[in-house]
Amino acid sequence: MSTDRHLRPDEIELLLDGEEGFGVAPLRAHVRSCLECQSELDSARELMFALDTLPDFAPSPAFADRVMSQVQVFEPWHAAATRTVEQFVPATRPARIAAGFGAAVTAGLATAGATWAVARADMGLLLAQLGLESFREQVVAAGSDVMTTVVGQPGLDALRGSSPEVMALAVGGFVAVAGMGVVGIRALATSSRTAR
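In numbering that gives the first Met the number 0, the protein residues as written are 0 to 195.
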């Protein structure tokens, strides 16, 4: 039983490879009866023999490096995290034991501190308010010259008498405006450099 059509390229490849599977016998029978397919098969055999006679050659030594420099290899997140953590782990066993002991003591102290803070919420609130007030005074004292220059003495007096939230908002706004100014200056410098 032969096929009533000409062979496709993949079927000719099956015959070239010497396959002996299901459906190969009808292909061989067709090649024996069809001059055009027999010619195609002979041409493919000649091409294979010609390719086999080509000399083998080795790529240049830097070929693999050039190819791999163009390949993007994505590292899985867990491998990157492991590599990052390994940078902080000491190399020697005694140092690792000491670091582990230090981490355990730190975790224990943090747990004890959190438990104490929850048990004495009123004391924690008082300490937080004292700390916030002290922080506000330090920020106002450290930035009074800058603020006097920026907002003037009346603005500085209003800032000193305000609540911590208003002060934080004002300082945050000042930092944001200063940051935008720095970013704008950098953008202008970059654009003028690329325009040259």
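Where is the CB? At the ideal position from N, CA and C, for every residue including glycine.
>> I'd like the span of the alpha helix (DSSP H) that includes Q69, first residue to last.
In response: Q69 -> alpha helix (DSSP H) spans 62–69.
> Between R95 and the rest of its own chain, which residues show a CB-CB distance below 7 Å, the 5 nearest in sequence each way excluded?
Replying inline: Answer for R95: V88, P89, listed in chain order.
>> Could you check whether L26 and E10 sit closer than 8 Å to each other, using their CB atoms as the reference points?
In response: Yes. Within cutoff.
> With a CB to CB cut of under 8 Å and the five nearest residues on each side skipped, what residues in its chain are close to V23?
Replying inline: Excluding positions up to five away in sequence, the list reads L13, L14.
>> For the alpha helix (DSSP H) containing F87, name the first residue and the last one.
In response: 76–87 is the extent of the alpha helix (DSSP H) around F87.
>> Check for me: the alpha helix (DSSP H) holding G107 runs from which residue to which?
In response: For G107, the enclosing alpha helix (DSSP H) has its first and last residue at 92–118.
>> My output table needs one value for T189: the three-state DSSP class, helix, strand or coil.
In response: T189 falls in the helix class under three-state DSSP.
> Nearest-angstrom Cα distance between Q71 and G151?
Replying inline: For the pair Q71 and G151, the Cα-to-Cα distance works out to about 55 Å.
> Going by the CB atoms, is the gap between E45 and L6 shorter than 8 Å?
Replying inline: It is not a contact, given that the beta carbons lie outside the stated cut-off.
> For the candidate residues R65, L131, A113, A103, whose alpha-carbon lies nearest to that of A167?
Replying inline: Residue nearest to A167 within the set R65, L131, A113, A103 is L131 (criterion: CA-CA distance).
>> For the alpha helix (DSSP H) containing L26, name the first residue and the last one.
In response: Unbroken alpha helix (DSSP H) run through L26: 23–32.
> Taking DSSP as the reference, what is the three-state secondary structure of R135?
Replying inline: In the structure shown, R135 sits in a helix (DSSP, three-state: H, G or I).
>> If you measure between the beta carbons of V138 and V170, is that distance less than 8 Å?
In response: Yes.
> Buried or exposed: where does H29 fall if 16 or more other Cβ atoms within 10 Å of its Cβ makes it buried?
Replying inline: Buried.
>> If the criterion is Cβ atoms closer than 8 Å, does the pair R135 and P163 meet it?
In response: With respect to the 8 Å criterion, R135 and P163 are classified as neighbours on the basis of their beta carbons.
> Could you give the distance in angstroms between the alpha-carbon of A120 and the alpha-carbon of E74?
Replying inline: Computed Cα separation, rounded: 46 Å.
> Between S190 and the rest of its own chain, which residues show a CB-CB distance below 6 Å, the 5 nearest in sequence each way excluded?
Replying inline: Setting aside the 5 residues that flank it on each side, S190 has no residue in the same chain whose C-beta is closer than 6 Å to its C-beta.
>> What does the alpha-carbon distance come out to for the pair A80 and A102?
In response: Rounded to the nearest whole angstrom, the C-alpha separation of A80 and A102 is 19 Å.
>> If you measure between the beta carbons of G107 and A116, is that distance less than 8 Å?
In response: The answer is no: Cβ separation not under 8 Å.
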